[in-house]
DNA sequence: ATATTTTATATTACACGTAAACTATTAATC
DNA sequence: GATTAATAGTTTACGTGTAATATAAAATAT
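Protein chains in written order, with my numbering: chain A, 1 to 160; chain B, 1001 to 1160.
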């Protein structure tokens, strides 16, 4: 009698599904809350957006080498179309500049101005500081555990 | 005599700071990757955006009761300014409708159309399914652990 | 009852995201 | 070497987010 085994389909298991659904929703909510915190602080302290901070972070990784628009777009999860205008505004604020490549006339190289480099240093330091403040509610050990889990998630969700 | 204790300031501890910084960056990256996955699937399967799904989710929680714009905006982490246009477009697609409250003529009540209710059911089911698929890379146990940590983070980052 | 304040929503202006179409340049192929 | 394909950026159109301001209605304070 009772043991008419239902087919085991993990994806359809009600309890497990609910766990992953809740996890995903909470992941999104938490990430957005923190991002808003960071946005707000960047805005009030430096009058800069998170998107701009992201651009500067990429430039810093290669500094003093300059980066073509496409590479920038690729690393930012932002599309080319968007980068153009973002970069335009940042140039107007003299955080970065733009020079055509002498080798390939299609390519435009983006790099720091001195002003931009100085500003980024301050922003990066504040950003690291804020991370501790905002995420300090969990222990460092838990933070490391969570980081590992996130990397696992990242690896699987990225590819498929 | 070595014991000139340096002031213990967790926020300035270099190693811990790095942990939290990495955690925050990975949190944002993972969340964005998954959100893009969801966006893409919602778009191809249902021709709907995640923002729209979010609206429908809120409506469903109170259905068949209708919701005023302001309440909707509050629960969505989206600002009022945006909601108006988003709702406009969804009404044009006949997913929801909008009626003035007879009691309070400032208030506009938003609710499902039958078509919207039906569509949402399918979307919600697919969304739960996709959560398992995308997040299934970690065990259910780990998912529950992470959920707890996220709620801790949410609690601390939300308030300050 | 009128004036003031608060509340609910809409409107505007702008930053940022995507996709698709377009331009210019370079590379590949015949 | 001329045609074709690929690549780098820009432009355009649109969806979505915020903030600031406006408008209308309701609640209140006098």
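Every residue, glycine too, gets a C-beta built ideally from N, C-alpha and C.
All values reported here derive from a predicted model rather than from experimental measurement.
Leaving out five residues before and five after residue i in sequence, what residues of the same chain have Cβ atoms less than 8 Å from its Cβ?
{"i": "residue 1035 of chain B", "result": "1050"}
{"i": "residue 1086 of chain B", "result": "1051, 1052, 1055 and 1078"}
{"i": "residue 1109 of chain B", "result": "1066, 1067, 1068, 1098, 1099, 1100 and 1101"}
{"i": "residue 1037 of chain B", "result": "1130 and 1134"}
{"i": "residue 140 of chain A", "result": "none"}
{"i": "residue 127 of chain A", "result": "38, 42 and 53"}
{"i": "residue 1081 of chain B", "result": "none"}
So for residue i, helix, strand or coil by DSSP?
{"i": "residue 1011 of chain B", "result": "With a pLDDT of only 45 at residue 1011 of chain B, under the threshold of 50, the placement of this residue in the model should not be trusted; the figure read from the coordinates follows. In this structure, residue 1011 of chain B counts as helix in the three-state DSSP scheme."}
{"i": "residue 1170 of chain B", "result": "Residue 1170 of chain B cannot be examined here, being either before or after the span of chain B that is shown, 1001 to 1160."}
{"i": "residue 67 of chain A", "result": "strand"}
{"i": "residue 171 of chain A", "result": "The structure shown does not extend to residue 171 of chain A, since chain A is modelled only from 1 through 160, so no value can be given for it."}
{"i": "residue 1048 of chain B", "result": "coil"}
{"i": "residue 1093 of chain B", "result": "coil"}
So residue i packs on residue j, CB below 8 Å; how close in whole Å?
{"i": "residue 1115 of chain B", "j": "residue 1095 of chain B", "result": "7 Å"}
{"i": "residue 1066 of chain B", "j": "residue 1111 of chain B", "result": "4 Å"}
{"i": "residue 27 of chain A", "j": "residue 1032 of chain B", "result": "Incorrect: roughly 10 Å between the Cβ atoms, too far for contact."}
{"i": "residue 1119 of chain B", "j": "residue 1046 of chain B", "result": "7 Å"}
{"i": "residue 113 of chain A", "j": "residue 97 of chain A", "result": "6 Å"}
{"i": "residue 123 of chain A", "j": "residue 43 of chain A", "result": "So it is not a contact: roughly 11 Å between Cβ atoms."}
{"i": "residue 30 of chain A", "j": "residue 1150 of chain B", "result": "5 Å"}
Quick one: residues in its chain with C-beta nearer than 6 Å to the C-beta of residue i, no 5 flanking neighbours on either side, listed in chain order?
{"i": "residue 1003 of chain B", "result": "The predicted model places residue 1003 of chain B with a pLDDT of 40, which falls under 50 and marks its position as unreliable, so this point remains unresolved."}
{"i": "residue 1107 of chain B", "result": "1068 and 1101"}
### Query
Which residues, in order along the region 28-49 of chain A, keep a beta-carbon less than 7 Å from a beta-carbon of chain B?
28, 29, 30, 31, 32, 33, 34, 35 and 37
### Query
Are three or more beta carbon pairs between the region 1128-1140 of chain B and the region 1150-1158 of chain B nearer than 8 Å?
no
### Task
Answer yes if the region 135-151 of chain A comes into contact with the region 1018-1035 of chain B, meaning at least three C-beta pairs across the two stretches below 8 Å, and no otherwise.
yes
#### Entry: Short-range partners of chain A found in the region 1118-1149 of chain B, where Cβ spacing is below 8 Å
1127, 1128, 1129, 1131, 1132, 1133, 1134, 1135, 1136, 1137, 1138, 1140, 1142, 1143, 1144, 1145, 1146, 1147 and 1149
### Query
Would you call the region 76-94 of chain A and the region 46-66 of chain A in contact, with 3 or more CB pairs under 8 Å?
yes
### Message
So if I threshold CB-CB distances at 7 Å, which residues from the region 1081-1110 of chain B count as touching chain A?
### Response
none
### Task
Decide yes or no for the touch test of the region 62-80 of chain A against the region 1066-1077 of chain B: beta carbon pairs closer than 8 Å, at least 3 of them.
no
### Query
Going along the chain, which residues of the region 65-81 of chain A sit with their C-beta nearer than 9 Å to a C-beta in chain B?
Answer in chain order: 77.
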